[in-house]
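Data block below; observations after.
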Amino acid sequence: VLALGMKRMVQRNAIVRKLLAVETLGCVTVICSDKTGTLTQNEMTVVRAFTDGNIYKISGQGYNPAGEITFEDEKINPETEPGLKLLLSAGVLCNDSTLEQKDAKENLWGIIGDPTEGALVVAGAKAGYDKAKMNEGHVRIEEIPFDSERKMMTTFHDNFKQNKIVSFTKGAPDIILGRCAKMLRNGSVIDLTEDLKQQIAKVNSEFAGDALRVLAFTYREYDKLPEAISPDSIENDLIFIGLMGMIDPARVEAFEAIKTCKEAGIKPVMITGDHKDTAVAIAAELGLMEEHSGVLTGNELDKFSDEELFNRVENTSVYARVSPEHKVRIVEMLKKRGHIAAMTGDGVNDAMALKKADIGVSMGITGTDVAKGTADIILLDDNFATIVSAVEEGRIIYSNIRKFVFFLLSCNIAEIFIIFLSILFNMPVPLVPIQLLWLNLVSDSFPALALGTEAGEPGIMKKKPRDTKEPILNKSLSTGILILSIAQTAAVLTAFRWALNNYNKDLEIARTLAFTTLVVVELFMAFTCRSERYPVIKLGIFSNRALVLATITSFVLGFAVLYIPFLQPIFKTVSLGIRDWVMILLLSIIPVLTGEIYKLIVGRAEKAAQ
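Residue 823 is where the sequence shown starts when you use this note's numbering, and the numbers rise one by one after that.
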């Protein structure tokens, strides 16, 4: 059943690497998810630029380089705006992504590389700055790659300014500002005073409040390439150029997925490296924030002790400006509070958090090989909704395991009761060994396997996650097994006694009638076991095609054992008449009705308890 569930999950864009993770999914109480690409579409588009004290708007959609740059509704030529020209140039040069036209006829464009960097390339293209030509004219001679700890990237270029080496640095505005000593204003370099920093921080907050992801850009000039190139020596005393704000629309399906999570008693949590205001704006748009939801930043996490974080983690829905190390702490605290946590990640540094979580979820598109190798589940579409679908599938699988355990144990315990009671009351044994073997291999096995393919019951994602400490055979299931076993035993022994009384104690006929009654009872019981709460009629008798096929197959094979002459001596059976079949069908209804009544009683008791 676990393997069948894995197959269904692939159809829903989730690859399960570890079989036991399928069962654990049904217990998940909190999902910690990245924002970019998981809750959002990961198709960045630069829509605002700030430099020289001015805010420019950039039109266009997606990665199509068609668009205009305007200031106060008037089209702007970047060549006449020194600050804007330098800002866009920095975005194109300090960049590892490239823009390509996928289909000229359909005018479809795409990005090779990181979507955030791709948006900067597209913004430059809208101003006429082609990345290939820019790279050729201003060759990159050295770089300090992006790092999730620093949240910055620096590249060195020749020939950007005459007789100078220029380095461009881009990164998180709040971190970049702390590294800047001067800024560019109307073509001149001036001191970056506290007042100017506050003005920039205000613009950054306004951009972030509009759910924009914001990057800051700086530069430095050198007479020659520095001998020691390291973040500490290079990424200081920077000259601030400006900000670029890009929109990453929320996934439409993420809204419904978050709503489903809440109905299912699962807490969705956003963990992102973005600015706090950006994260909160996206979270509010998706319905992730509630009235008492808290927000924590990486800096606050660094200051908190484990005890303080333990007390805050339960009511925190958004973590902003976090590092991979913070993810590990968050998971640890959630687990200490008794949660079963799923954690998403895509980078090499996310491996520890993925391993620490109960369910590690890696991105299939943007995820690194290290993240994929560590994770329990890989998302083929990097979509938050797919995680929720996987959780739903996990619940369905566990429910199906309970169903066939319910079915098999009730049938097998009934067989034990039948033999035990007949011996206890000094009756002839109603079933011979080969008939018991047939019941277990044919009548039980096919329907049991078919129950493993059962679709989810109505409202399966409106129940709270199950307790991991609760056994499969809980009180409700054990009681149901006992009641149905007794009902099946009563039906078979009644058929056996009836045959002995009506056929002059002919043991062969009586055993055939008992055997056939148990076969039919078990096939009928399979339909009752399709749900622990809902009646067969509500689910639809023919809605599980595999079970219908399994039932027909088992019945046809059982019919063959009764009526094919050369099989009768082997299975100790005889042909039955119409009167016998009427009796069999009447008695077979008893366990089914017993099961349906028991489900009704349990369902009402649960509603009353709620």
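Glycine residues also receive a C-beta, built at the ideal position from the N, C-alpha and C atoms.
According to the DSSP assignment, T938 belongs to the alpha helix (DSSP H) that extends over P937 to K948. With fewer than 16 other CB atoms across the displayed protein chains lying within 10 angstroms of its CB, E971 is exposed. The DSSP assignment places 891-893 and 920-925 as complete runs of the beta strand (DSSP E) inside the segment 879-929, in order along the chain (cut-off: 3 residues). Counting of Cβ neighbours within 10 angstroms places Q833 among the exposed residues, the total staying below 16. Counting along the chain, the unbroken alpha helix (DSSP H) around H1148 starts and ends at P1146 to K1158. Taking a C-beta distance under 8 angstroms as the contact criterion, A1197 and V1210 do not qualify as a contact pair. Secondary structure at F1388: coil, using DSSP grouped into helix, strand and coil. Rounded to whole angstroms, the gap between the alpha carbons of I1181 and A1163 is 6 angstroms. Between K1081 and V1254, the C-beta gap is not smaller than 8 angstroms, which leaves the two residues out of contact. If the five residues before and after S919 are omitted, its C-beta is found closer than 6 angstroms to the C-beta atoms of I933, G935, D936, E939, G940 and V943, all from its own chain and listed in chain order.
Scanning the segment 957-1044 for uninterrupted beta strand (DSSP E) segments of 3 residues or longer gives 962-969, 974-983, 986-993, 1002-1007, 1010-1013 and 1034-1044, listed from N- to C-terminal end. V1102 has its alpha-carbon roughly 8 angstroms from the corresponding atom of M1111. Pairwise C-beta distances place the segment 1364-1372 in contact with the segment 1262-1280, as three or more of them are shorter than 8 angstroms. Note that the C-beta distance between T1208 and A836 is below 8 angstroms. Sorting N985, K983 and P967 by C-alpha distance to the C-alpha of T977 places P967 at the top. Pairing K879 with T858 gives a Cβ-Cβ distance that is not under 8 angstroms. G1189 sits in coil when the DSSP states are folded into three classes, being neither helix nor strand.
Annotation: the continuous beta strand (DSSP E) that includes R870 extends over T867 to T873. Cβ-Cβ distances below 6 angstroms link A1321 to I1331, A1332 and L1335 in the same chain, with the five nearest sequence neighbours on each side left out; the list follows chain order.
Classified as buried, L909 has 16 or more neighbouring CB atoms from the shown chains inside 10 Å of its CB.
Rounded to the nearest angstrom, the gap between the Cα atoms of I1238 and N1133 is 53 angstroms. Under the 8 angstroms Cβ criterion, the segment 1024-1043 counts as touching the segment 1063-1070, having at least three qualifying pairs. If you check the CB distance, E1418 and V1358 come in under 8 angstroms. A distance below 8 angstroms separates the beta carbons of L1037 and K992. The shortest CA-to-CA distance from I1223 to any of I1200, N1248 and G1278 is the one to G1278. Taking 8 angstroms as the cut-off, the beta carbon of G913 is found no closer than this to the beta carbon of F1077. In summary, T860 is buried, with 16 or more beta-carbon neighbours lying within 10 Å of its beta-carbon over all protein chains present.
With the rule of 3 Cβ pairs closer than 8 angstroms, the segment 1296-1309 does not count as touching the segment 1380-1400. Taking C-beta atoms as the reference points, S855 and V1091 count as a pair closer than 8 angstroms. When Cβ pairs closer than 8 angstroms are counted between the two stretches, the segment 868-877 is seen not to touch the segment 1184-1191, the count staying below three. Put simply, the backbone Cα of A1309 is about 19 angstroms away from that of Y1356. DSSP lists Q923 as the bridge partner or partners of W931. Apart from the 5 residues on each side of it in sequence, S1376 sits with its Cβ closer than 7 angstroms to the Cβ of V1264, S1265, F1268, P1269 and L1345 in its chain, given in chain order. The beta-bridge partner set that DSSP reports for K1089 consists of V852. Under the three-state reduction of DSSP, M1066 is assigned to strand. The beta carbon of Y1420 is closer than 7 angstroms to those of G1302 and I1305 in its chain, skipping five residues each way along the sequence.
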